[in-house]
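What follows is one structure encoded as C-alpha cells, with my remarks underneath.
Protein chains: 2
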Amino acid sequence: MSHAMDAFFNPSAVAVAGASSSSVKLGNVTLANLLRFGYRGRVYAIHPRAGEIMGVPAFPSLREIGEPVDVAVGVLPREQMIDFVEDCAAARVGSVIVCAAGYSDAGAEGAEMQERLARAVRQRGMRMMGPNSVGTISTGSGFVTSLMTLDPMEVGDISIVAQTGLFAGGFARWIASTQRFGVSKVACLGNKADVDEVDMLSYLEGDPSTGVICVYSEGIHRGREFLELAQRVTETKPVLMLKGGSSELGGRMAASHTGSMAGEDAVLRGALAQAGVIQVRGIDGLFDAAKAISYCPVPAGPNLGVVSITGAGTVLVADACQRRGLNLPSPSPETARRAGKGLPGWARLVNPMDIWSATLQGTVEDAYRVILGAFAGEKEMHMLMAVFTLVPESEFDAAAVLSAIREEHPEKPLLACFLGASEVDRRRWFSALEEIRIPVYDSVERCVDAAWALARYAARRKNRGG
Amino acid sequence: MSHAMDAFFNPSAVAVAGASSSSVKLGNVTLANLLRFGYRGRVYAIHPRAGEIMGVPAFPSLREIGEPVDVAVGVLPREQMIDFVEDCAAARVGSVIVCAAGYSDAGAEGAEMQERLARAVRQRGMRMMGPNSVGTISTGSGFVTSLMTLDPMEVGDISIVAQTGLFAGGFARWIASTQRFGVSKVACLGNKADVDEVDMLSYLEGDPSTGVICVYSEGIHRGREFLELAQRVTETKPVLMLKGGSSELGGRMAASHTGSMAGEDAVLRGALAQAGVIQVRGIDGLFDAAKAISYCPVPAGPNLGVVSITGAGTVLVADACQRRGLNLPSPSPETARRAGKGLPGWARLVNPMDIWSATLQGTVEDAYRVILGAFAGEKEMHMLMAVFTLVPESEFDAAAVLSAIREEHPEKPLLACFLGASEVDRRRWFSALEEIRIPVYDSVERCVDAAWALARYAARRKNRGG
Chain A
36 MSHAMDAFFN
46 PSAVAVAGAS
56 SSSVKLGNVT
66 LANLLRFGYR
76 GRVYAIHPRA
86 GEIMGVPAFP
96 SLREIGEPVD
106 VAVGVLPREQ
116 MIDFVEDCAA
126 ARVGSVIVCA
136 AGYSDAGAEG
146 AEMQERLARA
156 VRQRGMRMMG
166 PNSVGTISTG
176 SGFVTSLMTL
186 DPMEVGDISI
196 VAQTGLFAGG
206 FARWIASTQR
216 FGVSKVACLG
226 NKADVDEVDM
236 LSYLEGDPST
246 GVICVYSEGI
256 HRGREFLELA
266 QRVTETKPVL
276 MLKGGSSELG
286 GRMAASHTGS
296 MAGEDAVLRG
306 ALAQAGVIQV
316 RGIDGLFDAA
326 KAISYCPVPA
336 GPNLGVVSIT
346 GAGTVLVADA
356 CQRRGLNLPS
366 PSPETARRAG
376 KGLPGWARLV
386 NPMDIWSATL
396 QGTVEDAYRV
406 ILGAFAGEKE
416 MHMLMAVFTL
426 VPESEFDAAA
436 VLSAIREEHP
446 EKPLLACFLG
456 ASEVDRRRWF
466 SALEEIRIPV
476 YDSVERCVDA
486 AWALARYAAR
496 RKNRGG
Chain B
36 MSHAMDAFFN
46 PSAVAVAGAS
56 SSSVKLGNVT
66 LANLLRFGYR
76 GRVYAIHPRA
86 GEIMGVPAFP
96 SLREIGEPVD
106 VAVGVLPREQ
116 MIDFVEDCAA
126 ARVGSVIVCA
136 AGYSDAGAEG
146 AEMQERLARA
156 VRQRGMRMMG
166 PNSVGTISTG
176 SGFVTSLMTL
186 DPMEVGDISI
196 VAQTGLFAGG
206 FARWIASTQR
216 FGVSKVACLG
226 NKADVDEVDM
236 LSYLEGDPST
246 GVICVYSEGI
256 HRGREFLELA
266 QRVTETKPVL
276 MLKGGSSELG
286 GRMAASHTGS
296 MAGEDAVLRG
306 ALAQAGVIQV
316 RGIDGLFDAA
326 KAISYCPVPA
336 GPNLGVVSIT
346 GAGTVLVADA
356 CQRRGLNLPS
366 PSPETARRAG
376 KGLPGWARLV
386 NPMDIWSATL
396 QGTVEDAYRV
406 ILGAFAGEKE
416 MHMLMAVFTL
426 VPESEFDAAA
436 VLSAIREEHP
446 EKPLLACFLG
456 ASEVDRRRWF
466 SALEEIRIPV
476 YDSVERCVDA
486 AWALARYAAR
496 RKNRGG
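Each protein sequence line maps, in turn, to chains A and B. Count the first sequence with the numbering used here and you get residues 36 to 501, in order. Count the second sequence with the numbering used here and you get residues 36 to 501, in order.
In C-alpha cells form, the structure reads like this:
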C-alpha cells in the first residue's frame with residue numbers, strides 16, 4: 036500500500052481548478068508546468084465553461100470527469116474552497132493542494148476559515164496540503180503543481196519540505212539554471228492545516244529516491260511526534276533543518292506568515308539536535324550541506340586535511356574550523372616524508388597547508404597532487420579540502436588531480452572552495468569538479484560549514500552503530 | 036609633498052626585475068598587467084642581457100637607466116634581493132616592492148633573512164612593500180604590479196589593504212568580471228617587514244579617490260599607532276576589517292603565513308571596535324559591507340523598513356536583524372493609512388511586510404511601490420530593504436520603482452536581496468539595480484549584515500558629531 040503522501044508526488048491523475056481559457060492565471064502556470072516537466076499521468080482542468088485549456092480537457096466539476104483522480108489542485112479564491120473540497124469528496128478525490136492564501140496567515144477571520152476548511156477535509160477523510168501552498172514538485176514523475184513557472188531540474192536525491200513557496204519558486208529556478216545537484220521532491224506545506232512535517236518526514240523516510248531530507252520550518256506543531264520520528268529517520272537518512280523564526284521578532288513574523296507558534300525555539304533547537312537533526316544557517320547553509328551530503332561518502336570522523344594555494348586560506352580555514360569544532364590534525368612524520376619532496380627545503384608540512392611555497396618550486400598541479408595525496412593517506416584526516424584561487428597562473432586540471440586522489444581513498448569526502456575567480460574560470464572549474472561530485476563553495480566558511488554537516492551526520496551514524 | 040606611499044600607486048616611472056625574454060616568468064605577468072591597464076608612466080625591465088622585453092626597454096641594472104625611477108618591483112629569488120636593494124639605492128629609487136617569499140613565512144632562517152633585508156632598506160632610507168607581496172593596484176593611474184594576470188577594473192572609491200595576495204589576484208578578477216563596484220587601490224602587504232597597515236591607513240586617509248577602506252589583517256604589529264590613527268580616520272572614512280587568525284589555530288597559521296603574532300585577538304577586537312573599525316565576517320562580508328557603504332548615503336540610524344514578496348523572507352530578515360541588533364519599527368498609523376490601499380481588507384501592515392497577499396489583489400509592482408514607498412516616508416525607518424524572489428510571475432521593472440522611491444528619500448540607504456532566481460534573471464536584475472547603485476545580495480543574511488555595517492558607520496559619525 037502506498038503512503039498517503041504519494042498522491043501529492045506520484046498521482047495517476049490530477050485536476051487543476053483555477054486555470055482560465057482567456058487570461059493567464061496562476062492555474063495556467065500549474066498546467067504549463069505539468070506539460071513542461073513531462074508529467075505522464077492524466078491531467079484535467081476544472082472550469083465552468085471551457086472544454087479545453089492549453090490542450091488539457093476541461094470539466095465544470097470533478098464529478099463530471101468520470102475517471103479516477105488522485106489529487107486536485109485548487110488555485111481559487113479562499114471563498115470557493117469549501118465548495119471545491121465538497122466537489123473533490125463527491126468525486127472521491129482523496130488529496131487536495133490548496134493554494135489560496137488569506138487563512139491563518141491573515142488574522143483571526145482567516146484562521147477561522149482555515150479551521151472550517153480543515154474540518155471539511157478531515158470529515159471527508161481527505162488529506163490537504165496548504166492552504167497557502169505554492170505546490171509540489173516530483174522530478175521523477177514530472178509531477179509539478181507549482182504556481183510559479185519552473186524549468187525541469189535534474190533528478191537527484193535531495194528532497195525539500197518547506198513552510199514557504201520559495202523552493203517551488205525562485206530556488207527551484209536557481210537549482211535548474213546554476214546547480215549540478217538533483218532534486219527528488221519539494222513540498223510547500225503552506226499553513227500546514229493538515230499535512231505537516233511529520234507526514235512528510237514519514238513519507239520521505241520510506242521514499243527510495245530520497246537520500247537527503249531538507250526542512251525549512253517556522254515551528255513544528257506536532258513537536259513530540261516529529262522528534263520521535265526524526266530520532267529514527269536520522270539513523271539512516273540525514274535530516275537538515277533551517278529553523279525560521281528563531282528570534283522573538285522572527286517568531287512573531289512566522290505567526291503572521293503561516294500562523295506558526297513561536298516562543299519555544301531554544302528548547303526545540305536542543306531537542307532537534309538530540310534527535311540527530313542537523314540545523315543549518317540560512318538557505319545557503321541548507322543547500323551547501325545538502326550538496327555535500329548528497330555527493331560525498333559519510334566520513335569516518337570530523338577531522339580535516341586542508342591544502343590551500345593561499346596562506347590567507349589556511350588562516351580562514353583554521354578560524355572557521357575552530358568555530359565549528361572541527362579538528363585539523365598535524366601530519367604524521369610518514370605523511371611529512373611523503374609530501375616532503377614537493378616542498379622547498381625551508382618549508383615545513385603543517386595542516387592546513389599553504390602550498391604557495393611549493394608552487395614556487397614546482398607546478399601548482401604537483402603541489403596539490405603530492406600534498407593533498409599525502410593528506411589523503413593520513414588515517415586521522417577524515418575529510419579533505421582543497422582551497423583554490425583561480426588565476427591563469429594557478430591553472431591546472433584540478434578535476435583530474437582530485438579524482439585520482441579520490442580513487443585511492445574513495446571513503447573520504449573531498450570538498451573544494453574558491454577564494455576569488457573570474458566569472459568564466461569559476462564556471463569552468465565549478466562544472467568540472469561538480470560533474471565528478473566534488474562539492475564546490477565560494478567561500479572557505481561555507482565549505483567548512485558543509486564539512487561540519489558531514490561530520491554531524493557521521494557522528495549520528497556512529498552513535499547508532501556504537 | 037606627496038605621501039611616501041604614493042610611489043607604490045602613482046609613480047612616474049617603474050622598473051621590474053624578474054621578467055624574462057625567453058620564458059614566461061611572473062615578472063612578465065607584471066609587465067603585461069602594466070601594459071593592459073594602460074599605465075602611462077615610464078616602464079623599464081631589469082635583465083642582465085635583454086635589450087627589450089615585451090616592448091619594454093631592458094637594462095642590466097637600475098643605475099644604467101639614466102632616468103629617475105620611483106619604484107622598483109623585485110620578482111626575484113630571495114637570494115638576489117639584497118643586491119637588488121643596493122642597486123635601487125645606488126640609482127636613488129626610494130621604494131621597492133618585494134615579491135619573493137621564504138622569509139618570515141618560512142621559519143627562523145627566513146625570518147633572519149627578512150630582518151637583514153629590512154635593515155638594508157631602512158639604512159638606505161627606502162620604503163619596502165613585502166617581502167612576500169603579490170603587488171599593488173591603482174586603477175586611477177593604471178599602475179598594477181600584481182604577479183597574477185588581471186583584467187582592468189572599474190575605477191571606484193573602495194581601497195583594500197591586505198596581508199594576502201588574494202585581492203591582487205583571484206578577487207581582483209572576480210571584481211572585474213562580476214561586480215559593478217569600482218576599486219581605487221589595492222595593497223598586498225605580504226610579510227610587512229616595512230610598510231604596514233599604519234602606513235597605508237595614513238595614506239588612504241588623505242587619498243581623495245578612496246572613500247571606503249577595507250583591511251584584511253592577520254595581526255597589527257603597531258597596534259597602538261593603528262588604533263590612534265583609526266580613531267581619527269573612522270570619523271570621516273569608514274574602515275572595514277576582516278581579522279584573520281582570530282582563533283588559536285588560525286593565529287598559529289597566521290604566524291606561518293606572514294609571521295604575524297597571535298594571541299591577543301580578543302583584546303584587539305575590542306579595541307578596534309572602540310576605535311570605530313567595523314569588523315566583518317569572511318571575505319564576502321568585507322565586500323558586502325564595502326559595497327553598501329560605497330553605494331549608499333550614511334543612514335540617520337539603525338532601523339530598517341523591509342518589504343518582502345515572500346513570508347519566509349520576513350521571518351529570516353527578522354531573525355537576522357535580531358542577531359545583529361537592528362530594529363524593525365512598526366509602521367505608524369499614518370504609514371498604515373498610506374499603504375492600506377495596496378492591501379486586501381484582511382491584511383495588516385507590519386514591518387517586515389510580507390506583500391504576498393497584496394500581489395494577489397494587485398500587481399507585484401504596485402505592492403512594492405505603495406508599501407515600500409510608505410515605509411520610505413516613515414521617519415523611524417532609516418534604511419529600506421526590498422526582498423525579492425525572481426520568477427516570471429513576479430517580474431517588473433524594480434529599478435524604476437526603487438529609483439522613484441529613492442528620489443523622494445535620497446537620504447535613506449536602499450538595499451535589495453534575492454531569495455532564489457534563475458541565472459539569467461539574477462544577472463538582469465543585479466545589473467539593473469547595481470547600475471543605479473542599489474546594492475544587491477544573494478541572501479537575506481548578507482543583506483542584513485551589510486545594513487548593520489551601514490548602521491555601525493552611522494553610529495560612528497554621530498558619536499563624532501555629538
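Every residue, glycine too, gets a C-beta built ideally from N, C-alpha and C. Model, not experiment: these values are computed from the prediction.
Nearest CB-CB separation between phenylalanine 453(A) and chain B: below the 9 Å threshold.
Between the beta-carbon of valine 475(A) and that of cysteine 452(A) there is about 7 Å, and that keeps the pair under the 8 Å contact cut. Under the Cβ criterion of 9 Å, valine 426(A) is counted among the residues facing chain B. Comparing alpha carbon positions, the residue from Tyr79(B), Phe72(B), Arg84(B) and Met164(B) closest to serine 57(B) is Arg84(B). Taken in chain order, the members of the stretch 453 to 469 of chain A whose beta-carbon sits within less than 8 Å of a beta-carbon on chain B are Phe453, Leu454, Gly455, Ala456, Ser457, Glu458, Val459, Asp460 and Arg461.
With 16 or more neighbouring CB atoms inside 10 Å of its own CB, glutamate 413(B) falls in the buried class. Counting only runs of 4+ residues, the alpha helix (DSSP H) found wholly inside the stretch 174 to 233 of chain A occupies 205 to 213, in chain order. Residues of chain A whose Cβ lies closer than 9 Å to the Cβ of phenylalanine 206(B) are, in chain order, Thr424, Leu454, Gly455 and Ala456. The shortest CA-to-CA distance from leucine 70(A) to any of Gly177(A), Leu284(A), Asn167(A) and Glu121(A) is the one to Gly177(A).
Looking from the CA of alanine 494(A), the closest CA among Phe431(A), Leu363(A), Lys272(A) and Ala382(A) belongs to Lys272(A). Nearest C-alpha to phenylalanine 423(B) among Val78(B), Val399(B) and Gly86(B): Val399(B).
The continuous alpha helix (DSSP H) containing arginine 462(B) extends over residues 458 to 470. The stretch 45 to 55 of chain A and the stretch 148 to 164 of chain A do not touch, with fewer than 3 CB-CB distances between them shorter than 8 Å.
Taking the beta carbon of cysteine 482(B) as reference, no residue of chain A falls within 8 Å; the closest one sits roughly 11 Å away.
Under the three-state reduction of DSSP, glycine 145(B) is assigned to helix. Shortest Cα-Cα distance from glutamate 240(B) to any of Ser219(B), Phe202(B) and Arg257(B) involves Ser219(B). For alanine 411(A), the closest alpha carbon among the candidates Arg383(A), Phe119(A), His444(A) and Thr349(A) is that of His444(A).
Taking C-beta separations shorter than 6 Å and ignoring five residues to either side along the sequence, the partners of tyrosine 74(B) in its chain run Gly177 and Phe178, following chain order. In chain B, no part has a C-beta under 7 Å from the C-beta of valine 399(A); the shortest such distance is about 12 Å. At a cut-off of 9 Å between C-beta atoms, methionine 164(A) does not count as an interface residue with respect to chain B. For glycine 317(A), a Cβ of chain B is located within less than 9 Å of the residue's own Cβ. The beta carbon of glycine 336(A) lies closer than 7 Å to those of His417 and Ala493 in the same chain, with the five residues before and after it left out.
Identification of residues in the stretch 384 to 414 of chain A having a C-beta nearer than 9 Å to some C-beta of chain B yields Val385, Pro387, Asp389, Trp391, Ser392 and Leu395, given in sequence order. About 10 Å separates the beta carbon of alanine 207(A) from that of cysteine 223(A), a gap too long to meet the 8 Å contact definition. If you draw a straight line from the Cα of aspartate 186(A) to the Cα of glutamate 428(A), it is about 37 Å long.
Aspartate 229(B) has its alpha-carbon roughly 25 Å from the corresponding atom of asparagine 68(B).
Each of Met116(A), His38(A) and Arg472(A) was checked against the Cα of arginine 154(A), and the nearest Cα belongs to Met116(A). Note on the stretch 64 to 105 of chain B: whole beta strand (DSSP E) runs with a minimum of 3 residues are 77 to 81 and 91 to 94, in chain order. Counting only residues of its own chain and dropping the five nearest sequence neighbours on each side, glycine 348(B) has a CB closer than 7 Å to the CB of Val422, Leu454 and Val479. Between glutamate 189(A) and chain B, the shortest Cβ-Cβ separation is not below 9 Å. Residue-level contact check: glycine 142(B) touches chain A, since one or more beta carbons of chain A fall below 9 Å from its beta carbon.
In this structure, alanine 52(A) keeps its C-beta atom at 9 Å or more from the C-beta atom of valine 104(A). Going by beta carbons, serine 281(B) and aspartate 354(A) fall inside the 9 Å limit. Following the DSSP letters along the chain, one finds glycine 241(B) in no alpha helix (DSSP H), marked with neither H nor E.
Runs of beta strand (DSSP E) with 3 or more residues, each lying fully within the stretch 261 to 341 of chain A, are found at 274 to 278, listed in chain order. Among the residues facing chain A, valine 78(B) is not included, as its CB has no counterpart in that chain under 9 Å away.
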